[in-house]
Amino acid sequence: MEELDLKFVDQTVDRVGTGAEKVLEILQALQTHYGYLPTEALQRVCELTEIAPATITGVSTFYDQFRHRPAGRHIIHVCVGTACHVKGADQVYDEFLRYLSIPDGEDTDAQKLFTVEKIACLGCCTLAPAVQIDDVTYGHLTRETVPKVLNDFLKHADARAAHHRKRRRRWKAGAVGELRVGLGSCCVARGSGRLNEALDKALAETGVKVPVKRVGCVGMCHQTPLLEVVLPNGESSLYARVQPEDAKAIVLRHFGARGPVRKVRTKVSGVLDRLLTDENSEPVTRYSIHVRDRAVSDFLGHQIHIATEHCGHIDPTDLDEYLAHGGFQALQKSLREFGPEDVIAQIERSGLRGRGGAGFPTHLKWSAVRAQEAEVKYVVCNGDEGDPGAFMDRMLMESYPYRILEGMVIAARCVGAKEGYLYIRAEYPLAISRVNEAIEKCAERGFLGDNIMGSDFSLRLKIVAGAGAFVCGEETALMASIEGRRGMPKLRPPYPAVKGLWSRPTLINNVETYAAVSWILRNGADAYAAIGTDKSKGTKVFALAGKVARGGLIEVPMGTSIRQIVDEIGGGVAGGLRFKAVQVGGPSGGCIPVGSDNLSVDYESLTAAGAMMGSGGLVVLDETDCMVDIARYFLQFTQNQSCGKCTFCRIGTRRMLDILDRLCAGQGKADDLDELQHLAEMIKKGSLCGLGKTAPNPVLSTLRYFREEYEAHIQKRCPAGKCKALITYSITDDCIGCTICAQHCPTGAIEMKPYEKHEIDPNKCVRCGTCKSVCPADAVRVE
Amino acid sequence: MPRITIDGREVEVDAGATILDAARKLDIEIPTMCYLRSHEATTSCMVCVVKVAGGNGLVPACGTPVRDGMQVENASEEVLDARRSALELLLSDHVGDCVGPCVMGCPAHMDIPQMIRQIAAGRLSDAIATVKQDIALPAVLGRICPAPCENVCRRAQHDQAVSICLLKRHVADVDLSSDGPYTPKCATPKGKRVAIIGAGPAGLAAAYYLQQEGFECVVVDEHDEPGGMLRYGVSESELPHDILKAEIAQIEKLGVRFRLGIRVGKAISMEEVRKQFDAVFVAVGELKEGDAETLQFAAADKIRVDGATYATDLPGVFAGGDVVRRRRMTVRAVADGKEAARSIAQYLTGQEVVGPEKRFNSRMGKLAESEMPVFLQSASLEPRTKPFGIASTFSMDEARAESLRCLRCDCRKPDACLLRQYAQAYGARQNRYKADRRFFVQRTQHPDVIYEPGKCIDCGICIQIASEAGEALGLTFVGRGFDVRVAVPFDGTLADGLRVAAERCVAACPTGALAFKDGREPSSP
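Top to bottom, those sequences are chains E and F.
Counting from 15, one number per residue, gives the positions in the first sequence under the numbering used here.
Counting from 12, one number per residue, gives the positions in the second sequence under the numbering used here.
What follows is the structure, given as C-alpha cells:
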C-alpha cells in the first residue's frame, strides 16, 4: 500500500488548533481531503494535539458523516427522510445500487467512482425523493431517472466549478425594476441555478439592464423555479416552474431589447426559432401565475410572516438591504432604550415559547441564565434540525441569517454572554456558508465583535458544523458535541442554564425562536401575543410535505387547524387519492387522522392528541400509506440515531422495531400489540433524554387511531397495499400485451410476450411498483 | 440540609447528594450496575430507576440530586416493573451462558467446568471438593453414570464431547486412594435427628449433606449391606464392591450411623420412626405392592411429593429417588438426595421450606458455525482422549490432556455478575424479547484478561477507569446506538489498551464481560 501523505494533517492542525474541542473540525477537514479517515491520519492528529486516541476513535465512529474506508470519487446521499420515504426513496436507493452494479454488502462501485449511502434528511422534502451527489441536490427521483441524474451530474461537474468561481455581479436595485429568483437549496435543485445563469445570459444578449436578485425562500416550493419580475413602477408578475430556455422570452416580455442592433438580432433569432423548431412555441404566459390565482393566494394568503418577514424580497446576505428593512433596529432598541430586564419582560408578555419542539417558555430560559452569577456564559443556537420531513430551520438560516444573529445578540446581552455558537448540521452546507458570510459582514460593520453598535457590549459568534447525528439536536448532546466529545445526552438537572457548555451557564434556543425576537421588539409584545391562541402565541413555521398538492414552507398563526393547512393552503392530497392522516412532529410526534383534522395546531392540543408540535414538520399521508409501515419507518430512524447510552432507548427501541418488522413481514403474533404497548410505556418512562422518551410516540399514536391496521397485519394483510411481504402484484385481464411493464421491470420478473397477457413471477417480483406506474391499461393489481 | 422520604422513610442528606446516597443512608438497597463510587453517575443501565412524586416518568437514582421535600417511591409495582424491564432488555442482548450446558444437563448440577479447570491446573484436591459439593458418590457414578452431561457438551458440535464422566472418576479415584481422602467439615450439631429410610444412592446422598449441616443422621435399611441398588442391583463387574464400600465409608466418617437389616414397617413402625426423629427421608426405591401402606402412605406404586421441596403429605416426612419417580438413574437419585437435604434442613431450622435456590441462568443456545472457532481459541484441538493403561481410567497426563479440551463455554464470573444477581432478584425472564442474538465474540490477546463484548452492557466504567489510570490507548466506545461496543482505539489489542488498569477494570465490570482468563476473583478496588 502506498505511503499516506500526512502533510495535510499537520497543515490542518496548524490552521485549526490543538484544543480538544477542535476534533470535529479537524475530522471534517481530513474527511474532505482524503475522502475518508485513514487510521494513520488519526494517529497523527493524536500526536499533534490534546485529543486522545480514545476520544478520536469514539468521536469519529459516532457521527454518520465519517467513513473509515475509502470512498468513491463522488458520494451519492439518498435521502430517506419522511417525505422521501413515502415517495419511494427505498426504490431509488435500490436502483442506484443496481444500476452501478454495487455488490451486496458494499457501497462503492468497482471503478470507485460513486459511493451510495443513505442519509437521514436533506431537508428538501418538497423535492422528494431527493438525492445529493457531493454538493448538488436532485429532486423527484424515480427508478427511471437515476441514470439521467448520474449523467447530468458528471456532465455538469466541470461547468459547476467554473460558475462558482465567477463572481456575482452587483447591481443597484430600485428604479429600473428587478428580476427576483429564489435560490434556496431546493430551489436550486429544481433548476433555479440554471435559470439564474440563463437570465444572466439573456440580459447580456438583449442588453436589458435589470438586476437579477437572489432572494430567500418564498415557501412555494411546489412552484419552483420561481421568478418574480418587478417593474420600475412596482408592479410585479410571478412566474412558476420556469425553464431556463424561457428566460429570454420573459425578459423581453417586460423589458424590450436595448439598442438597434440588439433589437434586430433579437427579432431575427426569434423568427428563426419559430421557423426551425417543430413545436408551436406557446407564449410564456403559460407560466405566469398571479397572486390573485386561487392556488397562490390560498398558499400565501393565510400566512403571517414573522420569522420569515420580507419573504421573497430581500437578498439573504445583503446587510444593507436588511438594515433598510428594519434590520438591527430591535438590537438598537435593546441596547439603548430597554435594559435586559425590560427585554425579558417583553419576551414574557409576548408569550414566545421555544420553537424547537418542546415549547418551553423562552423568557424563563433567558431569566434562568441571567440569574446565574458567572464570569463566562454562552449563547447557543440549535440549528441541528434533524427531524426527517422538517426543513424550516434550513430555510430560515439560508434566507434570513441576519435575523437569527440579531436575535442571538439581543439574547446574549440579556443573559450576559460574550461568546456563542451556532450549531448547524452538516447536511445544510448552504446554510452554513450563508450564516458564515453574515457573521463576517456583521463583524466588519460592528454588529458583532467588540462594542456592538457603539455600546459596551461585545459578542463573538462561531459556527460549529454538526457531523451527522440526530441526537445532537438534544441540548446536552449538542453541547457535548461542541466540546469535542461523542454527542451523548446527560441527565438534567443540572440544566444548561446552570451548567452548560464547559459547565458554564448557557442559553440554548432554536433557530426559529431567535428569528422571532426582532419582530417582537419592533412591533411590541402585545402585537405578537394578539396572534395565536391562549397558551400558544405568535406564529409557527411549518414544512408541509408528503402527498400534498402544494408542498412548501408556511408560517401561520398558532391555532390554525390541520384541515386548513392541508386542504386550503396545501391544496389537499395530490393525485385524487384520499387523505388519511398527517404526521406531525416527526419521529417524536404522532399522526392526526382525517377524522380529527380540525384539530387546532398549538402545543397543548397536539400533545393531548398524542402528537407533538415538534419542530414543525407536517407530512401528509394518503390511502396508499400503511400506518404500520410509517410507525416502523420512524422507529427505524430513532433506533438508528439512538446514542446508545441508556438501556431503554438503546435496546428497547430495537425490540419494538423487531416487533414491527415482524408485523410488516407477516410474522406477527397475537400478543404483539400488548407487548408493543408495554414496551412503549417503559421506554417513555425510563429513557434518559427526549429522543428515547418520544421515540415510541409514532407507534402509540398509530396504535391509538389505526389499531385495525395493526390487527390486519397480524392476520398477514396490509390494507394499504404497501408492505412488500404482505402484498402480491398480478396482472389482470385488462392487459393489452404492450410489453411496457416487461421492459421496465428491474428484476426481469415479467416475460415479454407481445400481444399476450403478461404474467409476474412472484419469486422475482420485488414489489417496486414500477409496472403499475407504467402500465397504460391500469392492468396491474396489488393485493 | 435537604430532607426527603423514600418509601415513606425520612432521611436528611448533604446538599448535592443523590437519591442513591440518601437510600444508602437508610440502608435501602437500590440495584446499580453502571455506577462507580466516587464518580459522576453515567446513568446508562437504568436499573436504579425510582419514581419521584409529581414527576414525569422515572429517574435514575444514581444521578438525580435530591430536593428538599422530595418523595421517592422505590418499591412500588411501577418501579419494580420498570427495573425488571430494564433487566429483561439487557438480557435480551446478552450472549453467553452463566453456567455451562453440562451443568444444566447434570441432574445434580455439578460444577463441571470448575472441576475440569482444577484438573487442568493440577489441583485435584480442589477438584474433589468441587465434585462432592453436588455429587456424594463420584467414584460410583464415574463407573455407571450414563453421562447426560456429555450429551449436551458443546465440544461435540466440533468433534467429540469432553470425557466428563471419566474425568470425574479420575478425581474420585485419586482421592479415595490417597492418604487423606477429602472429608468436609461438619457444622456444630444442632440437636436434631433425621431418619433416612433406605441406604441407596438417594438416602446416602441425603445423609452426606444433612450430616454436614449438623443434623444427626441415621440410615435404616432392610439389607445387610448399605448401597441399595448399587449393591444389589448393579453387577460387580460394573461397580466393584470395594469402591462402593470406600465411598460409603467416607459418608460414615462424617458421623452418619447405619442400622442395617431393619425394615421399617416390620422391625419398627413408621409411626415409631417419626416419633423418634425430627424428620424422615424415605428413599426406599421402587415400591412393591403393599409397601406404601407400611410407610403410612396411601396405596400406590410411588409416593407423591412436592416437586420443589420433596415434601410428602405427612408433616416432616420427605421422599426422593426411585420411590418418587422410576428413573433408575443413580445420578438423579443422588441429586434428589442433595436437594431433599436442603428442604429438610430448612424444615428443621424453622425456615420456610422452599427447596434449593434456583439460580438464574442465561442461555446462549446452540453455537453458530462461526462461533465454534472462537471457543476453540482457548482449548486443545486434540480429539477425545482414550484411556490407555488400566481399562477405563485416566492417567494423570491423560486426565490433564482431556481437561484441556473443554471449551470453557461457561461464564468466568457467574457469582460476581450483577446482571445475574438482579435478574434473579427481580424474576427477569431472558427470553421475553425474542430476537436473533449477536454472535459470540472473545478478545483474548491480553495475558490475563478476557473480554466478551456480548456480555457488555455499555456502562462505560472500564473506559472511565482506563482513562483515569492514564492509559495511552485505553478503551473507548465505537459506533453509536444499538451496535455500540467497547474497544481499544485504532484496532489495538486488549493488551495494548490495558497496560496498567486491567485488574481494576475486571473488578469494576458489573457483568462477565471483562474477566480473568483463569476465572479468579479480582482484588477489590
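Note that beta-carbon positions come from the ideal geometry of N, C-alpha and C, so glycine has one too.
Small disclaimer: the values here were computed from a predicted structure and weren't measured.
Exercise for the section: Determine which residues of the segment 663-679 of chain E have a Cβ less than 7 angstroms from any Cβ of chain F, and write them out in chain order. Expected result: ARG664, ILE665, GLY666, ARG668, ARG669, ASP672
Exercise for the section: Determine the chain F residues that contact SER656 of chain E at a beta-carbon separation under 8 angstroms, and present them in chain order. Expected result: ARG491, GLY492, PHE493
Practice task
If I'm right that VAL293 of chain F touches ILE314 of chain F with Cβ under 8 angstroms, what's the distance once you round it to whole angstroms?
Solution key: 6 angstroms
Problem - Opening and closing residue of the alpha helix (DSSP H) in which ARG384 of chain E lies - result: 376-385
Problem - Nonlocal neighbours in the same chain, by C-beta distance under 6 angstroms from ALA445 of chain E, ignoring five residues either side - result: ARG408, MET411, GLU412, ILE438
Problem - Selection of the segment 42-57 of chain F by Cβ proximity to chain E, strictly under 8 angstroms - result: ALA52, THR53, THR54, SER55, CYS56, MET57
Problem - Amino acids of chain F, ordered along the chain, whose beta-carbon sits closer than 9 angstroms to that of LYS738 of chain E - result: Near LYS738 of chain E there are no residues of chain F at all, since even the closest Cβ is about 20 angstroms away, more than 9 angstroms.
Problem - Contact under 8 angstroms by Cβ, ALA321 of chain E with GLU569 of chain E - result: yes
Handout entry: Beta-ladder partner(s) of LYS227 of chain E, from DSSP
Key = E:ARG194
Exercise for the section: Kindly indicate if chain F contains any beta-carbon less than 8 angstroms away from that of PRO258 of chain E. Expected result: no
Handout entry: Residue closest to LEU98 of chain F, alpha-carbon to alpha-carbon, out of F:TYR437, F:PRO367, F:ARG449
Key = F:TYR437
Practice task
Alpha carbon to alpha carbon, how far is LEU177 of chain F from ILE474 of chain F? Give it in angstroms, no decimals.
Solution key: 44 angstroms
Practice task
Return the CA-CA distance between GLY373 of chain E and ARG646 of chain E, expressed in angstroms with no decimal places.
Solution key: 26 angstroms
Practice task
Anything in the segment 435-453 of chain F with a Cβ closer than 7 angstroms to a Cβ of chain E? List those residues in chain order, please.
Solution key: TYR444, ALA446
Practice task
Indicate whether VAL385 of chain F and VAL295 of chain F have their beta-carbon atoms separated by less than 8 angstroms.
Solution key: no
Practice task
Quick one: give me the first and last residue of the beta strand (DSSP E) that THR16 of chain F is part of.
Solution key: 14-17
Handout entry: For LEU44 of chain E and TYR152 of chain E, the rounded distance between their alpha carbons
Key = 26 angstroms
Exercise for the section: Using a Cβ-Cβ cut-off of 8 angstroms, state whether PRO500 of chain F counts as contacting chain E. Expected result: yes
Problem - Test: THR32 of chain E CB closer than 8 angstroms to a CB of chain F - result: no
Handout entry: 8 angstroms Cβ cutoff met for LYS14 of chain E and GLU249 of chain E
Key = Outside the displayed span of chain E (15 to 797) sits residue 14 of chain E, for which this structure offers no information.
Handout entry: Among E:MET696, E:THR761, E:SER701, the one whose alpha carbon lies nearest that of GLU88 of chain F
Key = E:MET696
Handout entry: Below-8 angstroms beta-carbon distance, PHE371 of chain F vs any chain E residue
Key = no
Problem - Three-state secondary structure assigned by DSSP to THR487 of chain F - result: strand
Handout entry: Alpha carbon of VAL598 of chain E to alpha carbon of ALA625 of chain E, nearest angstrom
Key = 6 angstroms
Problem - Any 3 or more C-beta pairs closer than 8 angstroms across the segment 152-162 of chain E and the segment 569-589 of chain E - result: no
Practice task
Take every Cβ of the segment 60-70 of chain F, pair it with every Cβ of the segment 98-118 of chain F, and state whether three or more of those distances are shorter than 8 angstroms.
Solution key: no
Exercise for the section: Compare the C-beta of LYS707 of chain E with all C-beta atoms of chain F and state if any pair is closer than 8 angstroms. Expected result: yes
Exercise for the section: Give a yes or no on whether 8 angstroms exceeds the smallest Cβ distance from ALA481 of chain E to chain F. Expected result: no
Problem - Member of E:GLY628, E:GLY566, E:LEU674 whose CA lies at the smallest distance from the CA of CYS201 of chain E - result: E:GLY566
Exercise for the section: Might you give, ordered along the chain, the residues of its own chain that have their beta carbon closer than 7 angstroms to the beta carbon of LYS101 of chain E, omitting 5 neighbours on each side? Expected result: ALA142, PRO143
Exercise for the section: Give the interface partners of LYS659 of chain E over in chain F, defined as CB-CB distance under 7 angstroms, in chain order. Expected result: SER55
Practice task
Compare the Cα-Cα distances from CYS231 of chain E to each of E:LEU136, E:VAL195, E:ILE70 and report the closest residue.
Solution key: E:VAL195
Problem - The beta strand (DSSP E) enclosing ASP232 of chain F, as first and last residue numbers - result: 227-232
Exercise for the section: Run down chain F in chain order and give the residues with a C-beta less than 9 angstroms from the C-beta of ARG721 of chain E. Expected result: The contacting residues do not exist; ARG721 of chain E stays about 22 angstroms from chain F at best.
Exercise for the section: Tell me, please, whether the CB atom of ARG500 of chain E is closer than 8 angstroms to any CB atom in chain F? Expected result: yes
Exercise for the section: Decide yes or no for the touch test of the segment 697-710 of chain E against the segment 651-670 of chain E: beta carbon pairs closer than 8 angstroms, at least 3 of them. Expected result: yes
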